[in-house]
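Numbering (this note's numbering), first residue to last: 59 to 404.
Just so you know, even glycine gets a beta-carbon here, dropped at the ideal spot from N, CA and C.
Since this is a predicted model, take the numbers as computed values, not measurements.
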């Protein structure tokens with residue numbers, strides 16, 4: 059059964075304005091921002107993250123408006139109980155709201171132009187991640203989305219992250235959604251685990267409610283012998299996914315965020331809930347290490363060969379087993395979008 063009617067394109071899609079769905083995007087793990095600024099690139103913007111005296115996370119444009127130096131090379135300066143980000147080049151200081159509050163070369167009493175500022179972005183910290191609101195100013199800001207089964211659960215977890223030079227749409231298809239590639243793309247791992255013949259995706263059911271896509275099914279052998287893998291997958295469009303792979307008390311959470319039009323940041327988290335906390339921590343750590351070093355390199359190698367680089371319903375011939383991908387692209391087609399990196403320039 060073919061779910062999209064047009065044949066795949068053999069070349070990249072025409073150059074389009076780079077837009078991505080309006081949403082909360084995880085941009086870094088909380089533990090990465092401590093006493094020093096952290097420079098990152100997300101959603102087409104060069105950003106710097108730092109914490110004020112209360113530990114609250116601040117996200118701002120990464121380059122100093124004075125002479126363009128990377129503020130992530132600077133430091134956090136505190137005076138009278140207030141924290142500022144200090145440029146390493148000339149010591150200009152910027153408050154958490156983006157205002158320049160000190161230009162040492164001009165003296166403490168100097169008038170500072172309102173134009174001497176860095177852009178500040180709405181960020182929140184939740185579930186061990188730092189989230190940036192990617193939406194237009196007139197929009198109401200919703201709560202950060204999360205999965206009910208992970209709320210207030212005493213599972214231990216371990217994060218792993220990677221960067222792919224893969225477009226967000228292709229990364230989403232592979233990382234958030236696709237399971238029936240397992241016996242092929244990960245043949246060595248599947249054989250080692252006893253799933254080498256689990257190539258048939260059966261009993262597939264998909265339900266879409268708002269921005270939520272729920273999928274369940276069974277990967278099994280066509281001959282009906284050998285091991286089978288029963289799974290449940292829940293997606294919160296556009297960028298969050300949780301998998302229960304039927305491997306006991308082990309759950310995989312994934313979030314991904316565009317770095318720019320050509321690159322994607324991916325965060326994996328394994329939750330484990332076994333009798334002893336030390337065992338849960340150990341298993342979660344091993345699972346995340348295995349995912350990062352053995353599973354995802356297989357996916358990356360194949361995705362790098364894929365054309366077009368930017369995916370959509372009209373660039374694939376999707377089949378019944380791909381129905382979750384179809385639903386994701388349909389949501390993407392009708393969801394509000396925002397132009398990539400529109401605030402990147404001063």
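Would residue i pass as an interface residue toward chain D - the criterion being a Cβ-Cβ separation below 8 Å?
i, result
"residue 176", "Included in the structure is just one protein chain, with no chain D present."
Would you call residue i buried or exposed, if buried means 16 or more other Cβ atoms sit within 10 Å of its Cβ?
i, result
"residue 76", "buried"
"residue 351", "exposed"
"residue 229", "buried"
"residue 226", "buried"
"residue 140", "exposed"
"residue 401", "Because the pLDDT at residue 401 is just 49, under 50, the model does not fix this residue reliably, and the value given afterwards should be weighed accordingly. Counting Cβ neighbours within 10 Å, residue 401 comes out exposed, since fewer than 16 surround it."
"residue 125", "exposed"
"residue 412", "Because the chain here runs from 59 to 404, residue 412 falls outside it and cannot be looked at."
"residue 145", "buried"
"residue 231", "buried"
"residue 123", "buried"
"residue 297", "buried"
Could you give the first and the last residue of the continuous alpha helix (DSSP H) run that contains residue i?
i, result
"residue 269", "Neither: residue 269 is in no alpha helix (DSSP H) and is coded neither H nor E."
"residue 249", "245-251"
"residue 381", "381-392"
"residue 338", "335-348"
"residue 228", "226-229"
"residue 358", "354-361"
Strictly by DSSP, which residues pair up with residue i?
i, result
"residue 290", "274, 302"
"residue 103", "100"
"residue 325", "219, 313"
"residue 118", "106, 178"
"residue 83", "190"
"residue 77", "397"
"residue 128", "121"
"residue 151", "144, 160"
Helix, strand or coil: how does DSSP classify residue i here?
i, result
"residue 199", "coil"
"residue 309", "strand"
"residue 188", "strand"
"residue 407", "The requested residue 407 is not part of the displayed model; the chain covers only 59 to 404."
"residue 332", "coil"
"residue 233", "helix"
"residue 205", "coil"
"residue 164", "helix"
"residue 261", "strand"
"residue 143", "strand"
"residue 242", "helix"
"residue 72", "Reliability of the predicted coordinates at residue 72 is poor, the pLDDT of 33 falling under 50, and the value obtained from them is presented with this limitation in mind. Coil, per DSSP."
"residue 67", "With a pLDDT of only 36 at residue 67, under 50, the local geometry of the prediction cannot be trusted, and the value read off the model is given with reservation. Reduced to three states, the DSSP call for residue 67 is coil."
What are the boundary residues of the beta strand (DSSP E) that includes residue i?
i, result
"residue 160", "158-160"
"residue 295", "No beta strand (DSSP E) contains residue 295, which DSSP labels as neither H nor E."
"residue 285", "First-last for residue 285: undefined, no H or E at that position."
"residue 136", "133-137"
"residue 397", "395-397"
Answer yes if the region 278-290 comes into contact with the region 310-317, meaning at least three C-beta pairs across the two stretches below 8 Å, and no otherwise.
no
With a cut-off of 8 Å, do at least 3 Cβ pairs link the region 115-123 to the region 178-186?
Inter-segment contact for the region 115-123 and the region 178-186 is present: three or more beta-carbon pairs are separated by less than 8 Å.
Do the region 361-368 and the region 379-398 make contact, defined as three or more Cβ pairs closer than 8 Å?
no
Would you call the region 329-346 and the region 264-274 in contact, with 3 or more CB pairs under 8 Å?
Touching, no, given that fewer than three Cβ pairs across the two stretches are closer than 8 Å.
Touch test, the region 325-334 against the region 238-251, Cβ-Cβ under 8 Å, three pairs minimum
no
For the region 193-211 against the region 85-95, do three or more pairs of beta-carbon atoms, one drawn from each stretch, fall closer than 8 Å, so that the two count as touching?
no
How about the region 292-299 and the region 318-325: do they share at least three Cβ pairs that are nearer than 8 Å?
no
Counting beta carbon pairs with one atom in the region 250-269 and one in the region 353-360, are three or more of them shorter than 8 Å?
no
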